[in-house]
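Student: The structure's right below; bear with me while I get my questions together.
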Amino acid sequence: MTSLKRSHASTTPTTTLSSKTYLRTLKSGKVQKIVRELYLRQDIPCSSQLCTACLDLAPAGFHRKTEPFVLSATPSGTKEYPEGHYLVPDTNAFLSAMDLFESEGGVFQDVIVLQTVLEEVKNRSLPLYNRLIALTKNEGKRFYVFFNDFRLETYVQREAGETINDRNDRAVRKGCAWYAEHLQQAVKARKSARCPAVVMLSDDKDCLRKAKKEGIKSSNLQDYVSGLPDADRLLDMVASAREQRVTKESKAELLYPDYLSISAMLTGVKNATLHQGIFNVSPYNYLEGTVNVPSFDRALIIQGRESSNRAVSGDVVVIEILPTDQWKAPSSKVIEEEDVGKNENAENEDDAPEGIVSEQERRALQEEVRKTHGRSTEGQSQPTAKVVGIIKRNWRQYVGHIDKDSVRSRAKESRAQQTVFLIPMDKRVPKIRVRTRQAGDLLGKRVLVSIDSWDRESRYPVGHFIRSLGELETKGAETEALLLEWDVQYRPFPKTVLDCLPAEGHDWKVPASLEDPGWQGRRDLRDLLVCSIDPPGCVDIDDALHAKQLPNGNFEVGVHIADVSHFVKPNNAMDKEASLRGTTVYLVDKRIDMLPMLLGTDLCSLKPYVERYAFSVIWEVNANADIVSSTFTKSVIRSREAFSYEAAQLRIDDRSQQDDLTNGMRQLMMLSKKLRAKRMAAGALNLASPEVRVEAESETSDPVDVKTKALLDTNQLVEEFMLLANISVAGKIYDAFPQTALLRRHAAPPKTNFEELSNQLKVKSGLELRTDSSKALADSLDICTDPNEPFFNTLIRILATRCMMSAEYFCSGTQAYPEFRHYGLASEIYTHFTSPIRRYADLEAHRQLAAAIDYETLDASLQSRSKLEAVCKNINVRHRNAQMAGRASVEYYVGQALKGRVLEEDGFVMKIFSNGFVVFVPRFGIEGLIRLRDMAGDGEREPDSLFDAENYFLEIKGEKVQRKVELFQKVKVKISDEAEESTGKRKIKLQLV
Amino acid sequence: MPLDSSIYTLSALRLDGRRWNELRRINGQISTQQAADGSSYFEMGNTKIICTVNGPQEQKRGGGRDQSNEAKVEVEIGIAGFSGVDRKRRTRNDKRIQEMQYTISSAFQNTLFTHLYPHSTIAITLHVLSQDGSLLAACLNACTLALIDAGIPMSDYIAACTTGSMASYADKEDEADPLLDLNGSEEQELPFLTVGTSGGEDKVNVLIMETRVQMARLEAMISVGLDGCKQIRGILDGIVRAHGKKVLQSKVS
């Protein structure tokens, strides 16, 4: 019998075989044993420009391109390493100080990232991994990934009984040792004297000790950074080191309950004893949060610091429902962190053990409980829960400013390290404790920080400082702050993106010859009388229209959309950038484009008098505006005129104008009114949101005035035809790709959303709000009027809008057809097609439509449901963020426009709390909180009050002020501005007159 | 587990440390089982296969008289329950196994000189002991060795391997590297094909692809595959010659 023993001959001279065995646990709980081969090689280069031996090894890929060597031959030196040095950081160095490695200015260059470290970083934190990868691509930083686990000399086999961490540390040390030796040889071969040191960066004491024993140069982060120029600034960027926390742990009291283990949470969620959802903090009360879970139709309340157990707004949490007797009513009180936690000390190191709930906080909440009990309102208490674990932190970078009271020594020269509180702009995020040496410098500046951790013994999360954006209230800093806060990508387009633009630049023209490939499959529509109607000053013109009467009495109507998909091909750098940005963001004074300027405002933009590529939807409609037939085609058009809404309106109204273009516009107007009537009859909602426009001085762009946006018939004209085009296209792409069409839906709001509003209406005005269908809602909104107050109806519409769900993009395969419905527009199916210059969803819809009409083949990325879902998820977020950023920008400018002025205006009471109320001022589209406390003068007590939550009124019984404030009541308010203490924003302050 | 393709873009090294055009370690032995007419043991990386050949022999089923005047090649594949990551029992009627059996038998039907053995059967039995990608290719190679051991005349070796295409499709399409000889985890993630040739790279006997891949990449994948087959043919030839030498030596002494 022959034995089947394994031979040990290697396959090629450069590789040796080893294998890696590990166990892994699947989601289902199954355990798998994986055996992987590992081919160890000797042809992985060191990538140092000093080394000549490795040059021959440069790998030849299939395409035979070689990578240039990254590490400089003359790396910079420090005091300790005068001959220059290469850095080899370990995993924790990257995890705790990524910001440091990213810092510019000649430090942290020539870094060797070991494969072991890279993989560990990836397992620990994907975002950090992505940042690290971006660093390795940055040529100036000279980061090189050395694949030590594939190189024979540096490969380390895990020994029996050795933990994976120890093995990885050993691998890092071995990598360092190899590099040091390898460089020595290289230097010897070159006969040069300068040999750079290889320095391991680690915070692990044990690892450092072993390195010293093995003769490897090493340093901990702190010591290394201290030796660099500008050390103070750099040191702040290191996440607060674990070591410091460890020393504290022994004496500190554990303030928060521990989290459950992951498996306990998963089992709990599976058994429905626990629930999973996203933690949202109320904008009015920082101590109260809500979590929406599928098994309850109303959001669960989480009240108090202890219950929210270190969750930050946005985290995915696991919660446990409290027993019924602990259920609470949603808070009817405004509690702001600045009022309650004013006098806390950021440095609490030795004495004063901090309680989890401060005395003031407890009082604020208790008062509440007493009040709710007093009114014996069992019916009002809602399911209440507490957080028992966190599935995923959604921490991002936060913009804020330093609480000046927490700074001990304000002198700019003081370099003592101190702990300060950072107050984030977003009120829902708790104060962040930051250690810094530059507190003096940073006072009064907008700064960017990130949260590192939130331990059980600390009342507040601990973070570190990243960079300063500039003085508070300067335009640059504030704009950057709000872009960062809403995660808008605002950096200029990288070169790879600009390379994708047509080489002709602004001289690009529609080819003259009809034989040109650009004309293939395109219809020549240059003789149509097309025009565009947009807001004044619009440069990115997405859409243009035409109409003409056909001999049979019907009308031909065309909507022509910029053919962006011709210029942006799937999966190139420009497409990827656009898909990341998702949408163009409009701020008051600037626009952050999704596509480079050249395309957005010139080549794609349907400018008048020039020929442009377009994607046209052409219908034949009868005089009743019913569609007889529709066609979709790529085309070439020449717009005759670009109107603003006002100009178009004037032209249509001017009877003396009888040319074909104007008559075409009149036909469009006539048809659009019919379309609108039909849509309204089907139950489309006419919603309102407070929209204002900031008038700016043309040169300085300083805001001078605020106007509410006027709505003209021409606005509605354009809107109607865009809706029609979107609906037609949605149907077409859904027919062609039933599984992967990119559509937009607007879910019907659950009844509970309207409960409060309809109750308020019933009590205050005796009106009924019916919400069974969008039609019923539209009709009942129409009768919600107050003969004495024309604005009342708009106010109700604004409030109703806030009860709605938000519309979202989705991929058709993920929902059943009835779920496609767009509630607000009362359409069965809907997508976005008409603004490809400024929305990525439209661009994708263009590609799908082009494939549906056999113009081109559909790219693979648009055929895969999972890819599309990822795209939808991203653009949904971007879309919302863009809206928020836009609103924040208007808010900032409104504040600036009112700076230094005191006005009296009409306002309406929108919401009532037990210690304040919210007033909406339609003239400026602003809403502001008036607290009872503000009514009292300095040093006076807050006036007494009686709050009736069932009848929605608040009676103020102060010494000076005696009045009753009701919901929906019209009040006169005095508007002035003040820089808000808590967020550092210039905000409008309202006072009751 | 999604395959970590980021390593490849950084270093041009695959997950197991190979370059794009490297085969895994290949090892084969001939005449491993004395009871069979021909047998072999073949490894491609961690894919391990035992193959036995019985025949040419009289047809088992005596019922209807077989009119054909060439031998029939019957293939049976048994995949051991412990061979994969998950313990799985495969039934005899498993569609995938049946298809592999058919592919192998039709490939050899045309390469063996079956006309020399009318009314008879050549039975090939394959036992998969461990699988880690390129299963069909390894089976074909194991069969070639066992058939040579059985002394059945054939026109040439059939040597087979797999090629895949790197998944970084989103990037530049024309830079998607073809990969030779995929292992199990690569096979799960990447589009791949199995190619088997005889006579160096002259004649393609087997070409199977079950995944979808962009047209533009196919050519590169096939040409890399043909090159791989040539290498494998050399390895198989080496195994046969070494075995022959040993047999001769034992005869002489």
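If you read the sequences in order, they're chains A and B.
Position 264, counted from 1, in the first sequence is what UniProt numbering calls 264; the numbers after and before it change by one each time, with no gaps.
Position 185, counted from 1, in the second sequence is what UniProt numbering calls 185; the numbers after and before it change by one each time, with no gaps.
A virtual CB, placed ideally from N, CA and C, is assigned to each residue, including glycine.
If you run the structure through DSSP and keep just helix, strand and coil, what is A:ASN285?
Tutor: As a working mapping, residue 285 of chain A is identified with position 285 in the first sequence. It is a strand residue.
Student: Could you please give the first and the last residue of the uninterrupted alpha helix (DSSP H) stretch that includes A:CYS500?
Tutor: Numbered from 1 along the first sequence, position 500 holds the residue referred to as residue 500 of chain A. No alpha helix (DSSP H) contains A:CYS500, which DSSP labels as neither H nor E.
Student: Measuring only the C-alpha atoms, how far is A:SER565 from A:VAL407?
Tutor: Within the first sequence, numbered from 1, the residue matching residue 565 of chain A stands at position 565. Within the first sequence, numbered from 1, the residue matching residue 407 of chain A stands at position 407. The alpha-carbon atoms of A:SER565 and A:VAL407 are separated by roughly 54 Å.
Student: Distance check for A:ARG666 and A:LEU675, CA to CA, integer angstroms please.
Tutor: In the first sequence, the residue the question calls residue 675 of chain A occupies position 675. In the first sequence, the residue the question calls residue 666 of chain A occupies position 666. Their Cα atoms are separated by approximately 14 Å.
Student: Is it a yes or a no for the region 21-38 of chain B touching the region 237-245 of chain B, going by three-plus beta-carbon pairs under 8 Å?
Tutor: These segments touch.
Student: When you compare the CB of B:LEU136 with every CB in chain A, is at least one pair closer than 8 Å?
Tutor: The residue labelled residue 136 of chain B in the question sits at position 136 within the second sequence. No, B:LEU136 lies away from the interface with chain A (no Cβ there is under 8 Å from its Cβ).
Student: Label A:GLY29 either buried or exposed according to how many other C-beta atoms from any shown protein chain fall within 10 Å of its C-beta, with 16 as the threshold for buried.
Tutor: Along the first sequence, one-based indexing puts residue 29 of chain A at 29. Exposed is the call here.
Student: Give me the Cα-Cα distance between A:ARG170 and B:PHE113, rounded to the nearest whole angstrom.
Tutor: Working through the first sequence from its first residue, we reach residue 170 of chain A at position 170. Working through the second sequence from its first residue, we reach residue 113 of chain B at position 113. Each residue's alpha carbon lies about 59 Å from the other.
Student: Hey, B:VAL195 and B:CYS161: beta-carbon distance below 8 Å or not?
Tutor: To locate residue 195 of chain B, count along the second sequence from 1; it is residue 195. To locate residue 161 of chain B, count along the second sequence from 1; it is residue 161. In contact: B:VAL195 and B:CYS161 (Cβ atoms closer than 8 Å).
Student: Which word fits B:MET215, buried or exposed, when buried means at least 16 other C-beta atoms lie within 10 angstroms of its C-beta?
Tutor: Your numbering for residue 215 of chain B matches position 215 in the second sequence. B:MET215 should be labelled exposed.
Student: What does a CB cutoff of less than 7 Å around B:MET100 pick up in its chain, not counting 5 residues either side in sequence?
Tutor: Looking up residue 100 of chain B in the second sequence gives position 100. Taken in chain order, the residues that qualify are ILE77, LEU136, CYS139.
Student: Roughly how many angstroms lie between the CA atoms of A:SER861 and A:LYS867, to the nearest whole one?
Tutor: Sequence index remark: in the first sequence, residue 861 of chain A carries index 861 (1-based). Sequence index remark: in the first sequence, residue 867 of chain A carries index 867 (1-based). Those two C-alpha atoms are separated by around 6 Å.
Student: Three or more C-beta pairs under 8 Å: does that hold for the region 784-793 of chain A against the region 716-730 of chain A?
Tutor: Verdict: no, contact absent.
Student: Please list the residues of the region 33-50 of chain A that have a C-beta atom closer than 8 Å to any C-beta atom in chain B, keeping them in chain order.
Tutor: Those would be LYS33, ILE34, VAL35, ARG36, GLU37, LEU38, TYR39, LEU40, ARG41, ILE44, in chain order.
Student: Would you kindly report the start and end of the unbroken alpha helix (DSSP H) that includes A:GLY664?
Tutor: On the first sequence, residue 664 of chain A is found 664 positions in, with the first residue counted as 1. From DSSP, the alpha helix (DSSP H) with A:GLY664 extends over 660-681.
Student: Starting from A:GLU306, follow its DSSP beta bridges and name the residues at the other end.
Tutor: By 1-based counting over the first sequence, the position of residue 306 of chain A is 306. Its beta-bridge partners do not exist; DSSP assigns none.
Student: Given a threshold of 16 other Cβ atoms within 10 Å of its Cβ, counted over all protein chains shown, does A:GLU249 qualify as buried or as exposed?
Tutor: Counting from one through the first sequence, the residue named residue 249 of chain A turns up at place 249. Unreliable placement is indicated for A:GLU249, whose pLDDT of 45 sits below 50; no coordinate value is reported for it.
Student: Looking at the unbroken alpha helix (DSSP H) that takes in A:LEU825, where does it start and where does it end?
Tutor: On the first sequence, residue 825 of chain A is found 825 positions in, with the first residue counted as 1. Where A:LEU825 is concerned, there is no enclosing alpha helix (DSSP H), given that its DSSP letter is neither H nor E.
Student: Would A:ALA134 be called buried (16 or more neighbouring beta carbons within 10 Å of its own) or exposed?
Tutor: On the first sequence, position 134 is the one that residue 134 of chain A refers to. Result: exposed.
Student: Hey, is A:VAL145's beta-carbon within less than 8 Å of any beta-carbon in chain B?
Tutor: Along the first sequence, one-based indexing puts residue 145 of chain A at 145. Closer than 8 Å to some Cβ of chain B, the Cβ of A:VAL145 qualifies, so yes.
Student: Measuring from the CB of A:GLU104, is there a heavy atom of the ligand FMN at a distance below 7 Å?
Tutor: By its list of ligands, the structure shown contains no ligand whatsoever, and the ligand FMN lies outside what it can speak to.
Student: Check whether the region 207-220 of chain A and the region 419-430 of chain A touch, using three or more Cβ-Cβ pairs below 8 Å as the test.
Tutor: Flag = no, the region 207-220 of chain A and the region 419-430 of chain A do not touch.
Student: So, using beta-carbon positions, are residue 254 of chain B and B:GLN33 closer together than 8 Å?
Tutor: Past the boundaries of the shown model lies residue 254 of chain B; chain B is included only from 1 to 253, so the question cannot be answered.
Student: For A:ARG393, which residues in the same chain have their Cβ closer than 7 Å to its Cβ, ignoring the five residues on either side in sequence?
Tutor: Taking the first residue of the first sequence as 1, we reach residue 393 of chain A at position 393. The residues are ASP315.
Student: Scan the region 703-757 of chain A and note each continuous beta strand (DSSP E) run of 3 residues or more that stays entirely inside, going in chain order.
Tutor: Runs found: 703-708, 742-745.
Student: Taking a contact to mean a Cβ-Cβ separation below 8 Å, would you say A:VAL973 touches A:GLU905 in this structure?
Tutor: Reading the first sequence from its first residue, position 973 is the one you call residue 973 of chain A. Reading the first sequence from its first residue, position 905 is the one you call residue 905 of chain A. Their beta carbons are under 8 Å apart, which means A:VAL973 touches A:GLU905 by this criterion.
Student: Assess contact between the region 262-280 of chain A and the region 130-146 of chain A, defined as three or more Cβ pairs (one per stretch) separated by less than 8 Å. Is contact present?
Tutor: Touching, no.
Student: Just verifying my parser: in three-state terms, what is the DSSP assignment at A:SER381?
Tutor: Residue mapping note: residue 381 of chain A aligns to position 381 of the first sequence, counting from 1. DSSP places A:SER381 in coil when its eight states are reduced to three.
Student: When you compare the region 607-626 of chain A with the region 913-930 of chain A, are there three or more beta-carbon pairs, one atom per stretch, that lie closer than 8 Å?
Tutor: Result no; under three Cβ-Cβ pairs closer than 8 Å.
Student: Please list the terminal residues of the continuous alpha helix (DSSP H) segment that includes B:PRO178.
Tutor: Taking the first residue of the second sequence as 1, we reach residue 178 of chain B at position 178. No alpha helix (DSSP H) holds B:PRO178; the beta strand (DSSP E) holding it covers 178-180.
Student: What's the gap between the Cα of A:ASP948 and the Cα of A:LEU967?
Tutor: Along the first sequence, one-based indexing puts residue 948 of chain A at 948. Along the first sequence, one-based indexing puts residue 967 of chain A at 967. Distance between the alpha carbons of A:ASP948 and A:LEU967 is about 11 Å.
Student: Which whole-angstrom value describes the C-beta separation of A:ARG878 and A:GLY582, a residue pair presumed to lie in contact below a C-beta threshold of 8 Å?
Tutor: Counted from its first residue, the first sequence places residue 878 of chain A at position 878. Counted from its first residue, the first sequence places residue 582 of chain A at position 582. At roughly 3 Å, the Cβ-Cβ gap stays under 8 Å, so A:ARG878 and A:GLY582 are in contact.
Student: What span of residues does the alpha helix (DSSP H) with B:GLU186 cover, start to end?
Tutor: Indexing the second sequence from 1 puts residue 186 of chain B at position 186. First-last of the alpha helix (DSSP H) with B:GLU186: 184-189.
Student: Going by the DSSP bridge assignment, what does A:HIS464 pair with across the sheet?
Tutor: On the first sequence, residue 464 of chain A is found 464 positions in, with the first residue counted as 1. Beta-bridge pairing links A:HIS464 to A:SER450.
Student: For B:ASN93, go through chain A and note every residue whose CB falls closer than 9 Å to its CB, in chain order.
Tutor: Translated into positions along the second sequence, residue 93 of chain B becomes position 93. Chain A residues near B:ASN93: none, gap ~26 Å exceeds 9 Å.
Student: Would you verify that the beta carbon of A:PHE737 is, or is not, closer than 8 Å to some beta carbon of chain B?
Tutor: Locating residue 737 of chain A in the first sequence gives position 737, counting from the first residue. Closer than 8 Å: no.
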